[in-house]
Amino acid sequence: MATASSQSRPALQFSKLNSQKLHAALRYYSQDITNREDEERNDVVRPKRASTKTKKAKSMARLINSKPWSTELESSLSSLSPSISKTTVFEVLRLIKTPSKALQFFNWAPELGFTHNDQSYFLMLEILGRARNLNVARNFLFSIKRRSNGTVKLEDRFFNSLIRSYGKAGLFQESVQVFNSMKSVGVSPSVVTFNSLLLILLKRGRTNMAQSVFDEMLSTYGVTPDTYTFNILIRGFCKNSMVDEGFRFFKEMSRFKCDPDLVTYNTLVDGLCRAGKVNIAHNVVNGMVKKSTNLNPDVVTYTTLVRGYCMKHEIDEALVVFEEMVSKGLKPNEITYNTLIKGLCEVQKIDKIKQIFEGALGGGGFIPDTCTLNTLMNAHCNAGNLNDALEVFEKMMVLNVRPDSATYSVLIRNLCQRGNFERAEQLFDELSEKEILLRDDGCTPLVAAYKSMFEFLCRNGKTAKAERVFRQLMKRGTQDPLSFKILIKGHCREGTFEAGYELLVLMLRRDFVPDLETYQSLIDGLLQKGEPLVAYQTLEKMIKSSHVPETSTFHSILARLLAKGCAHESARFIMLMLEGKIRQNINLSTHTVRLLFGSGLRDKAFKIVGLLYANGYVVDMEELIGFLSHNRKFLLAHKLLLFCLEKHQNVDIDMCDTVIEGLCKMKRHSEAFGLYYELVEKGNNQPLRCLENLRVALEARGRLEEVKFLSKRMPNKRQPDKYLELPHWNWKWAIRYFRMQTATNSRMIESFTIFNGLPVFFEFMQKKKLNLSKMSKTNSNGASGHYPILTRRAPTPGKATVLAVGKAFPSQLIPQDCLVEGYIRDTKCEDVSIKEKLERLCKTTTVKTRYTVMSKEILEKYPEIAIEGSTTIKQRLDIANPAVVEMAKEASLACIKEWGRPVEDITHIVYVSSSEIRLPGGDLYLASQLGLRNDVCRVMLYFLGCYGGVTGLRVAKDIAENNPGSRVLLTTSETTILGFRPPNKARPYDLVGAALFGDGAAAAIIGADPVLSSESPFMELNYAVQQFLPGTQHVIDGRLSEEGINFKLGRDLPQKIEDNIEEFCKKLMSKAGLTEFNDLFWAVHPGGPAILNRLESTLKLNAEKLECSRKALMDYGNVSSNTVFYVIEYMREELKRKGSEEWGLALAFGPGITFEGILLRSL
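Each residue of the sequence shown is one higher than the one before, starting from 1 at the first, in the UniProt record's numbering.
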């Protein structure tokens, strides 16, 4: 007996085909389940036709279908028929192709004197439902009473129709909503209503809901179930692998005086056989015979039993059932024979197969079909009798049985396994030329069956031939990633890399992820062929597929781009490397900047230099400045040298000499002197050859102060003993350089050793009453600003302060550019419009990167999370609960490390999360894992959403200020696991979440009266306010269900915030006597760019005021309660740098709508 998986795949095809046919038979026998529903339609949909009226209806429908609806069309219709009958109206409605036009005709018909009745309303509702115009159908249903002026009463059949339409569209929740709405309009559901709803719920696997609806049917509405009800329940529960429940309903039928029919028994037998309980199923069949003389098993009953025994490899029992069937005078059909033959194949009883096969032929009642002979061929192959299989193939022609794709796949596969590639290729060519794979008959072909043939052809320079068949397979909707890989590598071997790239793109469109080897082979080949741009595109797709290329791959592509002179692409590539944290090569980076300068792209060149240095890399400045000087681009060289000095990078003094000399020749003496001045300020006092020329030029222009400054440092020039006491000293000049110096060096006082007589200078400053803390400066662009002398403000006694902050994130970082492909792939979404909408949303959110707990490994372990309607709350919590605590722990440890005191000094925990559900809560687990004292006081704040972080600060503030000496550890931790869902057009707000939200944690230490010798408070929590907006509780809506948390964000959220924010802020500001919004710093939770834009516009804030919020949103996305702490961390650095504003506001908004705010004071 063959056991290898390679031998089982063709058999799987035949099994699938037989199974499909048997299911079709069962469905045929199960039609009675919905017969009642059809009766509702038949009363309306098929009135008796009159030939003249039918012709008139066809003419009217043809006219409507060919033209847009207009008054001219109405006139044409009126001329065809001045009056109109019920039959004509019904026929026209059926014949109109567009449901919107059908509704227009329905609305217009009364103008010809036609009066709609319940039948026409029902027909129109059915038409809209069948066309999936479900919102229109729903509105139409609830407008019937108004449209008919009360003459048409709403009945249960109208609701039944809409319930069925939603169910067929896969929107079971909407079906439930329609059912619930019946009560509000005074319509009682009938047994048909419940049958329709139960059928929908069970098809979606919602067994718990189905049980609840059945209970409600009995207890609340008092509706008695019928046989159809139990058939639906038995079939539904058995299909959902709950056979015991199905059997329970079978036993309950007698309680409601419902007699099982043949459909009932066939359904139950099928469910039991699927569950492997074939003996019980056989007993049920025997019981059916004993129970009633009117109930007898049919062909479907026995065929189901035969299949059940065959599945268990109890072939003798299957043969007994088969004989029993024949003895009762039932004639086996092709499904019966094929099922039995397949079972015999699996246990290698070839002789018995031939016996049954010959007996069937001899009886004249069975004509073997393609499936039969395919099964027989597969049996021969599995037994190692390939020649016998080929003989059967030849007999197919004699018997006039047309081979299908499965015929060829089993033969080609087995010929390849035995090394007979020549004969296999002949059959492969025949398969290709006859386009057998494109036929709709037979089973769906499996790509894997042709893998060996693909490998052989691709190894032997015949990749094009293999691809031709592969594309035929794709037209049938079948493909697999391994075959893509074989073909792509085949193209790479043959040097047809463009064709390989096309297949790669096709593979990605099919939501398959190429492996690392496939990408690398293609990139290497494209580079060898001199196609770096296509290699670049391939690498971008590689990154979006969550692969991390080798650093050498990046360097190879960049080198080839530079060799081809691709300046723009090289710059983008450098930025891609920086975003991916890929190590830079100094030579390639320098070459890129040089190419940008040479191509006239100076702004982009400086941008790349800035990004490189910001990420800890350098470029060869000597080479770049030498290149610019050689090309007489001294202003650019000057700017680069200033950049070097700002970054404290050593510069070659001869190069500076050359640049200053060049600037002098260009008569750019201010830039020349400014560069020399910066050199001196950075401590470089080496003599320059160009100083004499610069001095002469400045002297000629009357700039005596600069001349004196130069003369003082030129060789062999005597310095005045008391320079500041000279009568010609210009104090304005001194102040100007004082200001210039404070722009580049925070050590302001020490820097003024360039002046002799420093005490005289400060005495002058005091006499002039100049405020040293607000000396203005002039930067290299000529713009003025202020650089304060920073002093620490004293904390207010008794007020809570922020002593330290920390943050943590999961390991998986997702660039926003990669999100769409990954999300669409992981959720197996095939709707192009959803993908396009998500791409637009990802651009508008301004998010660049986000961290996420969700990973490929999690989806592989819990694939049901990405399936619509799956009961996954347990799985989600199993992932989220430990992840939330782990992130909170990491953030807390980072925060405690910055704080610098032992964990034993923490007296309280405030634990904030909207991503965890369990008892005890995460606060206890966190306290244990951090090693806190067991008497630490814990507070949990759950499900506050985005304002949770500021609420946590308010609670921590109250604790700290009312418990002297206390130190509060505030932690927030969030993940999107509970809300991760596949996209659905009925829930557009899910896409907003997919494009905006991220995962992470934050922590802060809060305490009053800080010990300044060991603690460093940087922000004071001065005053806190919370308020909610009445009547807005549905704007941000979150519901916990079996599928996780379902969030819904109202589109009017930004407007609601805009309408109320000014008054809320003024309430906070009044506590410190503040009136000007732009005098404050702003730490605003960035719920999204729309909210920040509205806030900025309403309060007329300067553009830079919300920069920290925008940066946090860009770097991390909206991480719910955590995000405000990321903003505060950025704000701390901003205040260190500027130090101007003392007061600020922390704001956050969340469900309620709730406003949470704190008046902050920077220390």
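A virtual CB, placed ideally from N, CA and C, is assigned to each residue, including glycine.
Between the CA atoms of residue j and residue i - distance to the nearest angstrom
i, j, result
"E725", "K1136", "With a pLDDT of 40 at E725, under the threshold of 50, the modelled position of this residue cannot be trusted; read the value that follows with caution. If you take the alpha carbons of E725 and K1136, they lie about 37 Å apart."
"P99", "G186", "29 Å"
"C842", "L996", "7 Å"
"L473", "P863", "26 Å"
"A109", "F90", "11 Å"
"A61", "F114", "17 Å"
"L1147", "L1092", "11 Å"
"R850", "K1111", "12 Å"
"M397", "L415", "20 Å"
"K918", "D244", "The residue you asked about is not Lys; residue 918 is Arg in the sequence shown. Rounded to whole angstroms, R918 to D244 spans 31 Å at the Cα level."
"E706", "E622", "28 Å"
"R602", "V680", "27 Å"
"L944", "K277", "50 Å"
"R130", "T54", "23 Å"
"D721", "E1107", "Note that D721 scores 41 on pLDDT, short of 50, meaning its location in the model is unreliable; the coordinates nonetheless yield the value given after this. Cα-Cα distance, rounded: 50 Å."
"P815", "F454", "36 Å"
"V609", "S1120", "35 Å"
"F470", "Y501", "16 Å"
Which listed residue (the options) has its alpha carbon closest to that of residue i
i, options, result
"L624", "F597, Y613, D603, L611", "F597"
"T975", "G993, G965, R987", "G993"
"V223", "S188, F237, L198, E245", "S188"
"E517", "F573, P532, I488", "I488"
"L202", "Y221, S175, L533", "S175"
"I858", "R933, I977, Y676", "I977"
"A804", "N400, S811, L969", "L969"
"D652", "H669, N631, E860, N685", "N685"
"A389", "A700, M377, L1080", "M377"
"D261", "L272, R509, N231", "N231"
"A1072", "N1046, R876, P1089, A1024", "A1024"
"T370", "T1123, K354, S405", "S405"
"S1041", "Q875, E836, H116", "Q875"
Check whether residue i and residue j have beta carbons under 8 Å apart
i, j, result
"L1160", "L1021", "yes"
"L123", "L93", "yes"
"H908", "C937", "yes"
"K607", "A800", "no"
"S892", "A960", "no"
"L1029", "I1153", "yes"
"P795", "P1017", "yes"
"P481", "F512", "yes"
"residue 1249", "D1059", "Residue coverage of the chain in this structure runs from 1 to 1163, which leaves residue 1249 outside it and unanswerable."
"Y450", "L427", "no"
"V884", "S1014", "no"
"Y519", "T538", "yes"
Classification of residue i by the beta-carbon crowding that lies within 10 angstroms, buried from 16 upward
i, result
"E569", "buried"
"T336", "buried"
"Q1055", "exposed"
"L504", "buried"
"I367", "exposed"
"G205", "buried"
"N149", "exposed"
"S483", "buried"
"T844", "exposed"
"R164", "buried"
"P82", "exposed"
Residues sharing a beta bridge with residue i, DSSP
i, result
"A1146", "A1083, I1158"
"H908", "C937, V968"
"Y851", "L813"
"T801", "G1007, E1020"
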